[in-house]
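Student: Could you have a look at this structure, given as structure tokens, before my questions?
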Ligand SMILES: *[C@@H]1O[C@H](CO)[C@@H](O)[C@H](O)[C@H]1NC(C)=O
Ligand SMILES: *[C@@H]1O[C@H](CO)[C@@H](O)[C@H](O)[C@H]1NC(C)=O
């Protein structure tokens with residue numbers, strides 16, 4: 017549908033690249049999107065720096081044992097989250113991915129792409145998010161788990177020891193109806209994606225997923241977040257954008 021909008025626009029606006037596949041309400045959401053939709057000039061004021069800017073919403077839809085998810089979390093996500101902090105990036109983790117659910121006799125039955133152990137991992141991570149509550153507690157825990165190539169229950173044990181987190185309640189939650197319901201919430205969040213996810217990791221930034229953004233985020237997440245954030249650039253961003261020779265001031 018947006019492709020059609022885009023083609024119509026080619027007739028109206030000078031030099032529209034047909035990379036524009038987000039709804040018009042989101043055209044001014046970042047310099048890159050505005051550019052690909054041919055409305056950069058029209059978006060200029062919306063793209064101005066805002067000293068009261070909200071953090072960039074970064075949501076990762078993933079599943080616990082997928083190799084590309086592990087790689088993204090280990091090589092990009094954790095460092096960027098740690099470097100930029102919560103004022104700049106608002107990270108949401110949704111451990112479900114390509115899993116399926118069916119209403120069973122007792123709660124929901126989950127089937128996971130990488131087998132039963134992946135469902136175990138998803139449930140442990142989902143319970144960690146709910147029970148640890150603070151991102152400063154559960155993000156390092158999940159990062160640690162995703163960095164291990166052992167069974168999720170063992171990884172949770174090791175990471176709990178390493179980070180000084182008592183995992184008893186998390187493990188209990190993961191096999192109880194509480195965990196079952198929490199994982200169902202993750203399924204609902206994943207199934208509500210529009211457009212629906214086609215693979216994992218699936219990255220959504222301020223409600224937008226595009227192939228271009230996803231590809232860039234998988235290797236240069238810091239740059240993507242820096243370009244999207246509208247507040248005064250944190251040191252990590254100004255350094256990065258200066259060295260890459262980008263015009264950052266206007267965006
Ligand atoms: C992030 O999401 C929250 C909640 O949906 C929303 O209020 C906020 O405006 C979003 N931030 C940005 C930068 O879009
Ligand atoms: C962070 O993201 C959560 C979940 O998407 C949202 O509810 C919350 O409002 C966001 N916070 C900010 C400061 O944007």
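In this note's numbering, the protein residues as written are 17 to 267. From the three backbone atoms N, C-alpha and C, an ideal C-beta is built for every residue, glycine too.
1) Under DSSP, the beta strand (DSSP E) around residue 152 begins and ends at which residues?
2) If the criterion is Cβ atoms closer than 9 Å, does the pair residue 252 and residue 194 meet it?
3) Hey, residue 148 and residue 186: beta-carbon distance below 9 Å or not?
4) Assess contact between the region 54–63 and the region 85–97, defined as three or more Cβ pairs (one per stretch) separated by less than 8 Å. Is contact present?
5) Could you tell me the distance, in whole angstroms, from the CA atom of residue 210 to the CA atom of residue 241?
6) For ligand 1, is there any heavy atom lying closer than 8 Å to the beta carbon of residue 278?
7) For residue 64 and residue 42, what's the separation of their Cα atoms in angstroms?
8) Thinking just about the alpha-carbon of each residue, which of 202, 248 and 190 is nearest to the one in residue 103?
9) Starting from residue 244, follow the alpha helix (DSSP H) in both directions and report where the run begins and ends.
10) Beta carbon of residue 106: closer than 8 Å to some heavy atom of ligand 2?
11) The beta strand (DSSP E) spanning residue 65 covers which residue range?
12) Within 10 Å of its beta-carbon, does residue 167 have 16 or more other beta-carbons around it, so buried, or fewer, so exposed?
13) Which class does residue 145 belong to by DSSP, given the choice of helix, strand or coil?
14) Apart from the five residues just before and just after residue 267, which ones in its own chain have a Cβ nearer than 7 Å to its Cβ?
15) With DSSP as the reference, label residue 117 as helix, strand or coil.
16) Return yes when the Cβ of residue 217 is within less than 9 Å of the Cβ of residue 112, no when it is not.
17) Taking the C-alpha atoms as reference points, what is the distance between residue 164 and residue 56?
Tutor: Taking the definition as stated:
1) Here residue 152 belongs to no beta strand (DSSP E); instead the alpha helix (DSSP H) covers 151–162.
2) no
3) yes
4) Contact between the region 54–63 and the region 85–97 is absent, because fewer than three Cβ pairs lie under 8 Å.
5) 21 Å
6) The structure shown does not extend to residue 278, since the chain is modelled only from 17 through 267, so no value can be given for it.
7) 15 Å
8) 248
9) 227–244
10) yes
11) For residue 65, no beta strand (DSSP E) segment is defined, and its DSSP state is neither H nor E.
12) Exposed is the label assigned to residue 167, since fewer than 16 other Cβ atoms lie within 10 Å of its Cβ.
13) helix
14) Residue placement at residue 267 is flagged as unreliable, the pLDDT there being 38, under the threshold of 50; a coordinate-derived value is accordingly withheld.
15) strand
16) No, these two residues do not count as a Cβ contact at 9 Å.
17) About 44 Å.
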